[in-house]
Amino acid sequence: NGLPRPKIAAVDATTGASLAWSPSVNGDVYAIAATNEVVYLGGQIFQVNGEQRGHLVAVDARSGITTPWSPRADDWVSALALGPGQLFAGGRFRNIGGQPRSFVAGIDLVTGQATAFKPAFGSAVQSLVTDGSRVYVTGISPPVAFDIADSRISAWNPDIVGSVVYMALSGDVLYVAGPLERVGGQPR
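Final position of the sequence shown in the numbering used here is 188; the numbers increase by one with none missing.
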């Protein structure tokens, strides 16, 4: 439709046409997660549609209007993944959803408050994905998997030497990308 779309846009997946959805974002968007009703934006975001936000915001998927949901991270959010009843966020924050959470957190989809998911991860998060029972997280160190039920590191260990920058999960296969030297004892 020829309208400018600074920072974020919606595109028809069939035709490629730009859609009217266009929230106004002051800052940089690093991560997106979406349902049919809500689009969650993470990044170094300061305002959306003129409303102050702390690096993580939800906007209506049809209108682009900012929702009241506001977990207010104290630093940038670089990764988002939707899980059962919560949004998993990763980044460089130390507080989010009204609670101390370093680098990784679960955020209630209704209240915007931090959930009981509170894993111990020691660096800013580059990427995260979930299969509904575990959250796979990577940052400066190789990826680890945290059990959602108790926030503990699971026994899963892919024996990766190198840095994983991106991850994607399909069924029971986790795809990893980055400057990898070895995975499972095999050179890459």
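Every residue, glycine too, gets a C-beta built ideally from N, C-alpha and C.
One alpha carbon belongs to L180, the other to S163, and they sit about 6 Å apart. In the three-state reduction of the DSSP assignment, R182 falls in the strand class. With a cutoff of 8 Å on beta-carbon distance, S123 and G98 are scored as not near each other.
Between the beta-carbon of A177 and that of V161 there is about 15 Å, and that puts the pair past the 8 Å contact cut. Annotated three-state conformation of F103 is coil, per DSSP. Distance from the CA atom of W156 to the CA atom of V173, rounded to whole angstroms, is 13 Å. Under the three-state reduction of DSSP output, S78 falls in the strand class. The Cβ neighbour count for G184, taken over all protein chains shown within 10 Å, is under 16; the residue is labelled exposed. Rounded to the nearest angstrom, the Cβ distance from G64 to P23 is 4 Å, consistent with a contact under 8 Å.
P71 is the residue among N95, D75 and P71 whose C-alpha sits nearest the C-alpha of Q86.
For D150, the closest of Y175, F88 and K118 by C-alpha to C-alpha distance is K118. Put simply, the region 80-96 does not touch the region 13-20. Fewer than three CB pairs are less than 8 Å apart.
For V25, the uninterrupted beta strand (DSSP E) segment begins and ends at V25 to A34. The three-state reading of DSSP puts I153 in strand, counting E and B together. Just measuring C-alpha positions, the residue of V110, P143, G171 and Y175 sitting nearest E37 is V110. Counting C-beta atoms within 10 angstroms of its own C-beta, Y40 has 16 or more neighbours from the protein chains shown and is therefore classed as buried. Between Y136 and V129 a beta carbon distance of about 5 Å is seen, short of the 8 Å cut, so the two are scored as contacting. Take V59, set aside five residues on each side of it, and the residues of its chain with a beta-carbon closer than 6 Å to its own are P23, V39 and T66, in chain order.
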